[in-house]
Amino acid sequence: MQGLVQAMQMQAHTQAALQAQLEAQAQAPVQDHGGPPIMERFKRMTPPSFKGESDPLMAESWLRETEKIFRAIRCPDEDKVTLATYMLQERADVWWSSLLRTRFEDGAVDVTWDAFVRLFRAKSFPAKSVTL
39 MQGLVQAMQM QAHTQAALQA QLEAQAQAPV QDHGGPPIME RFKRMTPPSF KGESDPLMAE
99 SWLRETEKIF RAIRCPDEDK VTLATYMLQE RADVWWSSLL RTRFEDGAVD VTWDAFVRLF
159 RAKSFPAKSV TL
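So the sequence shown is numbered by our numbering: it starts at 39 and just counts up by one.
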């Protein structure tokens, strides 16, 4: 009889522990709906790099392709600048790093995606090359 009581107590203890674990999991924030981190999802889509080519069509193509990936992976707005600037190389990376140092205090800034696009287009599309 004592063995049965111990088994029932052990089962009750196990159920209580499982319930506590389930409640803790339900309250914990889920990163990206339980999927892979956003950077990993972004890289899986093989995003194009941009080296700062002077051809405005190449710059616009890079921007369109990057935005297409953002839509496909349902990228939150707050991650877009980080992901896009990760793909900047050579002259484009130097431009971005320089912009952060000169325009923003200590390079610590929360640039919105819209602001990044405006800055990128201003750099990539000189006023004389824009036709309406």
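Idealized CB from N, CA, C, for every residue including glycine. Predicted model, so just to flag it, every value in this text is computed and none were measured.
Through-space distance from L121 to P75, alpha-carbon basis: 12 Å
C-alpha gap between T84 and R109, whole angstroms: 14 Å
Sequence ranges, alpha helix (DSSP H) only - wholly within the stretch 70 to 107, length at least 4: 76 to 82
Rounded Cβ spacing between L101 and V155 (contact assumed at less than 8 Å): 7 Å
Where the alpha helix (DSSP H) through V149 begins and ends: Neither: V149 is in no alpha helix (DSSP H) and is coded neither H nor E.
Element boundaries [alpha helix (DSSP H), containing R112]: That residue, R112, is in no alpha helix (DSSP H); it is neither H nor E in DSSP.
DSSP bridge partner residues for L126 (one or two, in chain order): F88
Any chain C beta carbon closer than 7 Å to F80: The question asks about chain C, but that chain is absent: this structure has only one protein chain.
Rounded C-alpha distance that separates G90 from T123: In this structure, the alpha-carbon of G90 lies about 12 Å from that of T123.
Distance between L95 and L126 (C-alpha atoms, nearest Å): 16 Å
Cβ neighbours of R79 in the same chain (closer than 6 Å, five flanking residues each side left out): I111
Through-space distance from G73 to W242, alpha-carbon basis: The first residue shown for the chain is 39 and the last is 170, placing residue 242 beyond what the model contains.
Assigned exposure category for S162 - 16 Cβ within 10 Å defines buried: buried
C-beta contact flag for F88 and A130 at 7 Å: yes
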